Amino acid sequence: MAVRTILHYPDPRLRQKAVAVAEVTPAIKQLVEDMAETMYAAPGVGLAANQIGEAVRIFVIDTAGDDEPSKLRVFINPQIVSKQGELVWEEGCLSFPGVMEEIERAAHVRVKAIDQHGQPFELEAEGLLAVAIQHENDHLDGALMIDKMGALKKRIVDRKMRRRAAERPGASAR
Ligand code: NI
């Protein structure tokens with residue numbers, strides 16, 4: 008297992024649309040382990056494969072609180088099959104360090120995916136888990152939380168992140 012480097016906005020690789028996983032091979036299982044380790048090391052509640060430069064449709068989530076046992080959830084080739092209601096949640100993203108913004112999403116989602124053992128599953132989620140599923144699923148399509156911000160916020164965050172990247176050359180491209 009290995010902690011991988013997380014790409015930061017505006018790295019263009021974050022805009023790549025990820026491709027479906029054909030088969031859960033040992034290499035895919037290794038990638039899932041690396042993603043989990045990278046997410047826990049950050050620490051974060053979710054990570055999509057293209058955030059570490061692997062443009063395949065996989066994300067991992069663990070929404071357990073600090074006082075709860077960890078519960079890793081692996082989503083391979085996820086599909087959100089239904090969305091209901093609305094909620095606003097203050098979101099962060101490992102590709103936008105230091106940025107927290109209120110984002111509006113569906114309050115309930117139903118998602119289908121394959122787990123790390125190649126088993127298909129369906130899950131209904133609400134609250135933080137629903138937010139995380141929608142946030143990570145957006146990553147797989149090259150969509151980022153900044154896209155959901157108002158024009159002014161978008162400009163502020165874009166400027167902040169570009170300044171950060173300029174001050175730390177190579178930080179998002181190691
Ligand atoms: Ni993110």
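Each residue of the sequence shown is one higher than the last, beginning at 8 in the working numbering.
All C-beta atoms, glycine included, are put in the ideal place defined by N, C-alpha and C.
Just so you know, these numbers come straight off a predicted model, no measurement behind them.
Separation of alanine 114 and glutamate 93 (C-alpha to C-alpha, rounded to the nearest whole angstrom) is 5 Å. Threonine 32 counts as exposed, since fewer than 16 other C-beta atoms from the protein chains shown sit within 10 angstroms of its C-beta. The stretch 117-127 makes no contact with the stretch 97-104, as fewer than three CB pairs between them are under 8 Å.
For histidine 142, the distance from the CB to the nearest heavy atom of the ligand NI is below 7 Å. Histidine 142 is positioned such that its CB atom lies no closer than 8 Å to that of glutamine 58.
For lysine 119, the three-state secondary structure derived from DSSP is strand.
Under the three-state reduction of DSSP, proline 19 is assigned to helix. Put simply, the backbone Cα of arginine 175 is about 10 Å away from that of arginine 169.
At a cut-off of 7 Å, the beta-carbon of histidine 15 does not count as near the ligand NI: no heavy atom of the ligand is closer than that.
A straight-line Cα-Cα distance of about 12 Å links asparagine 84 and isoleucine 35. Cβ-Cβ distances below 6 Å link valine 118 to Pro85, Ile87, Leu130 and Ile140 in the same chain, with the five nearest sequence neighbours on each side left out; the list follows chain order. Distances from the alpha-carbon of valine 95 to those of Arg64, Val106, Ala137 and Asp122 put Ala137 closest.
Under a 10 Å Cβ-count criterion, threonine 12 is classified as exposed, with fewer than 16 other Cβ atoms of the shown protein chains found around its own Cβ. Secondary structure note for leucine 54: its beta strand (DSSP E) is the uninterrupted segment 53-55. In this model, glycine 149 and aspartate 74 are separated by some 33 Å (Cα to Cα). Take valine 10, set aside five residues on each side of it, and the residues of its chain with a beta-carbon closer than 7 Å to its own are Glu44, Thr45 and Ala48, in chain order.
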